[in-house]
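Residue numbers (the UniProt record's numbering): 1 to 251.
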């Protein structure tokens with residue numbers, strides 16, 4: 001009964017698909033619906049449970065993300081960060097499946113190469129220069145040496161950090177560090193971009209600048225974006241997106 005209830009709840013979650021090319025292609029996605037645009041990849045989870053001892057951070061969560069903007073709403077402690085880590089394959093679930101349009105994910109290294117991941121606290125080193133940090137991020141994502149220079153330059157340009165390429169991260173403002181976080185998440189042109197509370201710690205003006213930077217950086221309509229927040233006000237920035245809390249997250 002519980003499994004059926006979760007499936008029913010997941011099926012009712014609203015989804016938003018960014019308009020794309022008119023060519024259609026039927027592709028099975030995790031919940032049994034179809035993708036609407038050729039070349040787009042859907043991501044999701046099926047009956048995912050994550051337990052820490054006796055505590056279930058996620059309990060039988062099933063959901064599908066479609067190309068476009070998806071906002072995950074929920075109070076602190078609801079399991080939003082845990083779901084993000086599972087989708088980014090930064091954490092393996094206790095039970096359940098991580099899925100794409102092609103089926104269950106079995107090669108985590110390959111999946112990570114398709115994902116851009118920005119946790120609440122960007123993993124930056126204050127002594128590194130911004131450009132060097134992005135080169136390192138590109139290397140971690142498997143980009144060949146000949147590809148890294150162009151990828152780093154492109155990520156810096158799309159986030160407005162070109163002039164700060166040689167600046168040490170410790171000298172950057174909080175807003176710039178967040179923009180650098182976007183840059184490292186998109187340097188390898190991911191198909192899925194996961195942002196966990198991306199504006200935490202920023203003042204209202206810095207949040208506006210952050211989202212303006214994000215809009216400019218996402219110039220590819222085939223990218224699937226998941227952003228978490230506990231503030232409906234900020235969720236409204238994502239015009240036309242889906243806002244939801246999947247069954248199985250703490251309420």
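By construction, the Cβ of each residue, glycine as well, lies at the ideal position given by its N, Cα and C atoms. On a predicted model such as this, the values are computed, not experimentally measured, just so you know.
**Prompt:** Can we count residue 45 as close to the ligand PLP, meaning its CB is less than 7 Å from some heavy atom?
**Reply:** You won't find the ligand PLP in this model; it holds no ligand whatsoever.
**Request:** Using three-state DSSP, classify residue 138 as helix, strand or coil.
**Result:** Looking up residue 138 in the chain shown gives position 138. Residue 138: helix per DSSP, three-state reduction.
**Asked** Hey, quick one: how far does the beta strand (DSSP E) through residue 183 stretch, first residue to last?
**Response** Indexing the chain shown from 1 puts residue 183 at position 183. From DSSP, residue 183 is part of no beta strand (DSSP E) but of the alpha helix (DSSP H) over 174-186.
**Check whether residue 228 and residue 72 have beta carbons under 8 Å apart** = One-based indexing of the chain shown puts residue 228 at position 228. One-based indexing of the chain shown puts residue 72 at position 72. Yes.
**Prompt:** Rounded to a whole number of angstroms, what is the C-alpha to C-alpha distance between residue 193 and residue 75?
**Reply:** Here the question's residue 193 lines up with position 193 in the chain shown. Here the question's residue 75 lines up with position 75 in the chain shown. Cα to Cα, the separation comes out at about 21 Å.
**Asked** In chain order, what residues of the same chain lie with their CB nearer than 7 Å to the CB of residue 183, ignoring the 5 residues before and after it?
**Response** The residue you call residue 183 lines up with position 183 of the chain shown. Closer than 7 Å at Cβ, skipping near neighbours: 134, 155, 156, 159 and 161.
**Message:** The beta strand (DSSP E) that contains residue 151, what's its start and end?
**Reply:** Here residue 151 refers to the residue found at position 151 of the chain shown. No beta strand (DSSP E) contains residue 151, which is instead part of the alpha helix (DSSP H) from 145-158.
**Item:** Contacts around residue 138, its chain only, beta-carbon distance under 7 Å, and the 5 residues preceding and following it disregarded
**Value:** Translated into the one-based positions of the chain shown, residue 138 becomes position 138. The answer, listed in chain order, is 148, 151, 152, 187 and 188.
**Request:** Select from 79, 61 and 42 the residue whose C-alpha is nearest the C-alpha of residue 69.
**Result:** Taking the first residue of the chain shown as position 1, residue 69 is located at position 69. Checking every option, the nearest Cα to that of residue 69 belongs to 42.
**Prompt:** Does the beta-carbon distance from residue 98 to residue 45 come in below 8 Å?
**Reply:** Against the chain shown, residue 98 aligns to sequence position 98. Against the chain shown, residue 45 aligns to sequence position 45. Against a cut-off of 8 Å, the Cβ pair of residue 45 and residue 98 comes out as a contact.
**Message:** Just to confirm, is the Cβ distance from residue 83 to residue 58 under 8 Å?
**Reply:** As a position in the chain shown, residue 83 is number 83, starting the count at 1. As a position in the chain shown, residue 58 is number 58, starting the count at 1. In contact: residue 83 and residue 58 (Cβ atoms closer than 8 Å).
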